[in-house]
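Protein chains in written order, with my numbering: chain A, 1 to 474; chain B, 1001 to 1474.
Heads up, the beta-carbon is just placed ideally off N, CA and C, and yes, glycines get one too.
Model, not experiment: these values are computed from the prediction.
Let me begin by presenting the structure, written as structure tokens, before commenting on it.
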């Protein structure tokens, strides 16, 4: 699919088509030759590198260590936890031939690494002194898809998967909460994406978990997205895999486990959430290029380098676009499309007058800054853009979270603006399935801070204790 | 395989067994459940992270951008370059079932990414302005092996693969040389591993390359190892994949390409090269822990933190081992086994006297340093250790590179000390094959700086122009 810049659909008219085109036009990703696969282009991958650097710092500060486990899992190993294999079976890619020979036992390409990691954890953990064990890996995983929706739905994706083992359930649960706290903070502070933290219903949980926490975000058009999850695995894996330890009284016990993951899917959420009719809008903290410098014809390159050097020293990611075979207008379009937070235009006149012109991608605001103040002002303005983008996204989330007191109001919201719907639910899976069947809305989560109340289920009107969040998923 | 610390074989007696055990005992790697696969444990993976950080900085400084291409390659795509597919076919892992269905076309798990990348490069490159194109990816690749030799020979390994496309052969060849320069510098300066840079013979080249540069290093026991390679691909791929560009005269031309890679195999070389009978010996630049601090019973933890804080601020990677259920002797053994460059022992007396005791892993030298000088001295000593380790490795390489003037001398060296052998070769593949069959020694490379001379082939005595390096490969 080849588009030219003029082909960008208006986001306000067709979000889905806009998304497909902006991903191609901003050079974020391409389609791979195998169905469901994608190629992450350098500009898209640089966003992933910024996400990785941020999250990797967070987990290391908490004592989590990176490791690497094999891509290939023997089929028999995957089958050790019943719910787990049942959940993943329909999505598996299976190797049956290797080294020129038919294999005796089929090998599964990892869809997630619980089973292959936990077999080994059983060897690593012997005593209470070996706990907590906190391991993470950055890797690729495969869950078969027939249609590619770049970043958001792909057969292969990149992610981090954290896996921990603890002596007590309390200690494990603290880690489940800690991981979700870090995700929520990362999403707010770096992605400028506020969301809801809550518990998944039994039917929406991770295959093999006792409890799944999720961070749910709102997309333009009113659809919602599960952005990352943190699981309380209880002893569901430690029992079949025999991960035991001698406690301080020399008794043998099974460990309590957690796992939590964040994937390249998050880049899809970032693109969708912030763009507009002119293209991407990247929050400064995740922008591979924070300032695009556009010299106007005739501007002395040496003097421009002198101006940009202090910016780079201040840690700002700067790109000078001196492609003088393209008009200034065309270069401006390119950097708007690519969502660069700040544009700096500079010609001979500006150089002589000791000023530069800055243009904000978020507000379109255009203003001049003196050369002497440039580095300091740019750093300040980037912070302002980051804060402003979060603020806008918070307004959008608040304005699109609605209470539905009865089923007709519930359906009306879904027929109209959609977004998040707060409604009492009796917690009967049959009711949940009925709602999903009829409205395509699923339970997103029970917010962690939801108080216990008295109400009646939005569908069956039986007693209900909590207002859950519902929405139509991407 | 479970060993206890006492089970470390003497390196001087059995290098191969020592290697297997030190990998397990120092917690660098484990065996995966599928034949040929390995688990890189946190301590081993931290070494890989240091290698990655160093090399990633180098390539980005040269304008190379990271990207990510799919793991899965359609079989038909791999077949587009004849020599390439022939070289890799025996090692492929093949997916035949996915999403619960038999696939129409088989899918290969990437053994390397030339074919999948270059199909896409054909879309990315249109004009001379799009060149040079410089892309790299950090990823996993699979080349089937029946036996695992951790790091050195595994079915799945991690690597970086750089791929560039250029308007001219000269420009491409400059990149082939540049990549090899960076590898050689990384190996010398970070790994403390000197080696020979040279050209591979036609039979030892990468499948699909016109020319392969290699960095060859020497291992204890006299075997040699190809540590990384940089390939001149000519137009061998751009023609079948149709990667063309309009040059400045609007003529259509095929691009010239390069690829170059460095893998987790390099960690195997690092372990083998530097260890001794007590375990690993890590050069400070690749040591996840540079200073192991061992408080002696009774030493006040608060005062020890006060001492280590300035070290951490100076960028030194410090680990305080206060496992007081283990004796000091046992803790010393552990950190020697793990190859930590510098050990710091500190008890109440040292705290009161304002000194600490430092012990160098490379020389065993033990000395005292005043608290006030600690950070500065530690930084200096780490540099000295790094330099000393390189120096020792250089002596070893020089002492084990020998000239063989005739075939009996050649065989005598291989029967005795082995190492690198410098010998005239007529460049006839038949001679090379004969030598390999009879002596297990292969041509390693023609050093880039080898002068043209007049001599006669070490085997057939026909005219030869160059002295090649031979050796028995790991």
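Exercise. Check whether the Cβ of residue 1049 of chain B lies closer than 8 Å to any Cβ atom in chain A.
Key: Working through the second chain from its first residue, we reach residue 1049 of chain B at position 49. Residue 1049 of chain B counts as touching chain A.
Check your understanding: Going by the beta-carbon positions, is the gap between residue 1440 of chain B and residue 1362 of chain B smaller than 8 Å?
Key -> Taking the second chain and counting its residues from 1, the one referred to as residue 1440 of chain B is at position 440. Taking the second chain and counting its residues from 1, the one referred to as residue 1362 of chain B is at position 362. No, they are not a contact pair.
Please name the residue, chosen from B/1189, B/1162, B/1169, that lies closest to residue 1179 of chain B on a Cα-to-Cα basis.
Stepping through the second chain from its first residue, residue 1179 of chain B is reached at position 179. Among B/1189, B/1162, B/1169, the Cα nearest to that of residue 1179 of chain B belongs to B/1162.
Distance, residue 1371 of chain B Cα to residue 1067 of chain B Cα: As a first step, residue 1067 of chain B is located in the second chain; it is residue number 67 there, counting from the start. As a first step, residue 1371 of chain B is located in the second chain; it is residue number 371 there, counting from the start. Rounded to the nearest angstrom, the two C-alpha atoms are 47 Å apart.
Q: Determine which residues of the region 1085-1100 of chain B have a Cβ less than 9 Å from any Cβ of chain A, and write them out in chain order.
A: 1089, 1090, 1091, 1092, 1093, 1094, 1095, 1096, 1097, 1098, 1099, 1100
**Report entry** is_contact[residue 1421 of chain B, chain A] using C-beta, thresh 8 Å
**Finding:** Residue mapping note: residue 1421 of chain B aligns to position 421 of the second chain, counting from 1. So no, residue 1421 of chain B is outside the interface.
Q | Assigned exposure category for residue 238 of chain A - 16 Cβ within 10 Å defines buried | A | Here residue 238 of chain A refers to the residue found at position 238 of the first chain. When all chains shown are included, residue 238 of chain A counts as buried.
Which bits of chain B does residue 135 of chain A rub up against, with CB to CB less than 8 Å? Locating residue 135 of chain A in the first chain gives position 135, counting from the first residue. Simply 1042.
(message) Buried or exposed, going by whether 16 or more other CB atoms sit within 10 Å of the CB of residue 1252 of chain B?
(response) Position 252 of the second chain holds residue 1252 of chain B. With fewer than 16 other Cβ atoms within 10 Å, it is exposed.
### Query
Using the rule of at least 16 other Cβ atoms within 10 Å of the residue's Cβ for burial, across every protein chain shown, is residue 1105 of chain B buried or exposed?
Within the second chain, numbered from 1, the residue matching residue 1105 of chain B stands at position 105. When all chains shown are included, residue 1105 of chain B counts as exposed.
Given that residue 1550 of chain B touches chain A, what residues does it touch there, using C-beta distances under 9 Å?
The structure shown does not extend to residue 1550 of chain B, since chain B is modelled only from 1001 to 1474, so the question has no answer here.
Notebook entry, point to check: Of all the CB atoms in chain A, is at least one closer than 8 Å to the CB of residue 1140 of chain B?
Noted result: Residue mapping note: residue 1140 of chain B aligns to position 140 of the second chain, counting from 1. Chain A, which has a Cβ nearer than 8 Å to the Cβ of residue 1140 of chain B, makes this yes.
Item to complete: Please decide whether residue 1118 of chain B counts as near chain A, where near means a Cβ-Cβ distance under 8 Å.
Response: Numbered from 1 along the second chain, position 118 holds the residue referred to as residue 1118 of chain B. No, its Cβ sits nowhere closer than 8 Å to a Cβ of chain A.
| Just how far apart, CA to CA, sit residue 16 of chain A and residue 389 of chain A? | The residue given as residue 16 of chain A occupies position 16 in the first chain. The residue given as residue 389 of chain A occupies position 389 in the first chain. So the two alpha carbons sit approximately 21 Å from each other.
Cβ neighbour criterion (16 or more within 10 Å) applied to residue 200 of chain A: One-based indexing of the first chain puts residue 200 of chain A at position 200. Looking at its Cβ environment, which holds 16 or more other Cβ atoms inside 10 Å, residue 200 of chain A is buried.
| For residue 178 of chain A, which of helix, strand or coil comes out of DSSP? | In the first chain, the residue the question calls residue 178 of chain A occupies position 178. Here residue 178 of chain A sits in helix by DSSP.
- [ ] Determine, using beta carbons only, whether residue 1280 of chain B comes closer than 8 Å to chain A.
- [x] Translated into the one-based positions of the second chain, residue 1280 of chain B becomes position 280. By the rule that beta-carbons nearer than 8 Å mark a contact, residue 1280 of chain B does not touch chain A.
Report task. Starting from residue 1039 of chain B, find everything on chain A with Cβ-Cβ shorter than 9 Å and list it in chain order. Result -> The residue given as residue 1039 of chain B occupies position 39 in the second chain. Per Cβ cutoff of 9 Å: 67, 68, 69, 70, 116, 117, 120.
Note to self: I need the straight-line Cα distance from residue 49 of chain A to residue 1062 of chain B, nearest angstrom please.
What the structure shows: Numbered from 1 along the first chain, position 49 holds the residue referred to as residue 49 of chain A. Numbered from 1 along the second chain, position 62 holds the residue referred to as residue 1062 of chain B. As the crow flies, the alpha-carbon of residue 49 of chain A is around 18 Å from that of residue 1062 of chain B.
Counting only the same chain and skipping the five closest in sequence on each side, list residues whose C-beta sits under 6 Å from that of residue 210 of chain A.
-> Locating residue 210 of chain A in the first chain gives position 210, where the first residue counts as 1. Within the same chain, residue 210 of chain A has close Cβ partners 232, 234.
Closest Cβ-Cβ distance between residue 80 of chain A and chain B: below 8 Å? Start at 1 with the first residue of the first chain, and residue 80 of chain A comes out as number 80. So, not an interface residue.
In terms of alpha-carbon separation, which member of A/309, A/53, A/302, A/298 lies closest to residue 291 of chain A? Against the first chain, residue 291 of chain A aligns to sequence position 291. Looking at the Cα atoms, A/309 is the closest of the given residues.
Kindly indicate the opening and closing residues of the alpha helix (DSSP H) around residue 381 of chain A. Stepping through the first chain from its first residue, residue 381 of chain A is reached at position 381. Counting along the chain, the alpha helix (DSSP H) containing residue 381 of chain A begins and ends at 374-399.
(request) Give, in chain order, every residue of the region 6-25 of chain A whose Cβ lies closer than 9 Å to some Cβ of chain B. (result) none
| With a cut-off of 8 Å, does the C-beta of residue 454 of chain A fall near any C-beta of chain B? | Walking along the first chain from the start, residue 454 of chain A turns up at place 454. Taking 8 Å as the threshold, the shortest C-beta distance from residue 454 of chain A to chain B does not fall below it.
Quiz item: Just curious, the alpha helix (DSSP H) that residue 23 of chain A is in, first and last residue?
Solution: As a working note, residue 23 of chain A is residue 23 in the first chain. Element bounds for residue 23 of chain A: 15-25.
Anyone know if the C-beta pair for residue 1356 of chain B and residue 1369 of chain B falls short of 8 Å?
Taking the first residue of the second chain as position 1, residue 1356 of chain B is located at position 356. Taking the first residue of the second chain as position 1, residue 1369 of chain B is located at position 369. Taking a C-beta distance under 8 Å as the contact criterion, residue 1356 of chain B and residue 1369 of chain B qualify as a contact pair.
Span of the alpha helix (DSSP H) around residue 1087 of chain B
The residue given as residue 1087 of chain B occupies position 87 in the second chain. Run containing residue 1087 of chain B: 1082-1088, per the alpha helix (DSSP H) assignment.
Margin query: I want to see whether chain B comes within less than 8 Å of residue 156 of chain A, judged by CB atoms only; does it?
Written below: Mapped onto the first chain, residue 156 of chain A falls at position 156. Closer than 8 Å: yes.
Considering only DSSP beta bridges, list what residue 297 of chain A is partnered with. By 1-based counting over the first chain, the position of residue 297 of chain A is 297. Residue pairing by DSSP places residue 297 of chain A opposite no residue, since no beta bridge is assigned to it.
Self-check item: Proximal residues of chain A, C-beta to C-beta of residue 1034 of chain B below 8 Å
Solution: Along the second chain, read from residue 1 onward, the residue named residue 1034 of chain B stands at position 34. Within 8 Å Cβ-Cβ: 70, 72, 73, 74, 107.
Starting from residue 146 of chain A, find everything on chain B with Cβ-Cβ shorter than 8 Å and list it in chain order. Locating residue 146 of chain A in the first chain gives position 146, where the first residue counts as 1. Under the 8 Å cutoff, chain B gives 1099.
(message) So that I know if they touch, is there some Cβ in chain B lying closer than 8 Å to that of residue 30 of chain A?
(response) Looking up residue 30 of chain A in the first chain gives position 30. Cβ-Cβ to chain B under 8 Å: yes for residue 30 of chain A.
Between residue 374 of chain A and residue 311 of chain A, how many whole angstroms is the CB-CB distance? I'm expecting something under 8 Å. By 1-based counting over the first chain, the position of residue 374 of chain A is 374. By 1-based counting over the first chain, the position of residue 311 of chain A is 311. Contact holds; Cβ gap of about 7 Å.
Residue 1147 of chain B burial status per 10 Å Cβ neighbour count (16 or more: buried): As a first step, residue 1147 of chain B is located in the second chain; it is residue number 147 there, counting from the start. Exposed, by the Cβ-count rule.
State yes or no: is the beta carbon of residue 77 of chain A nearer than 8 Å to at least one beta carbon in chain B? Taking the first chain and counting its residues from 1, the one referred to as residue 77 of chain A is at position 77. It does; some Cβ of chain B falls within 8 Å.
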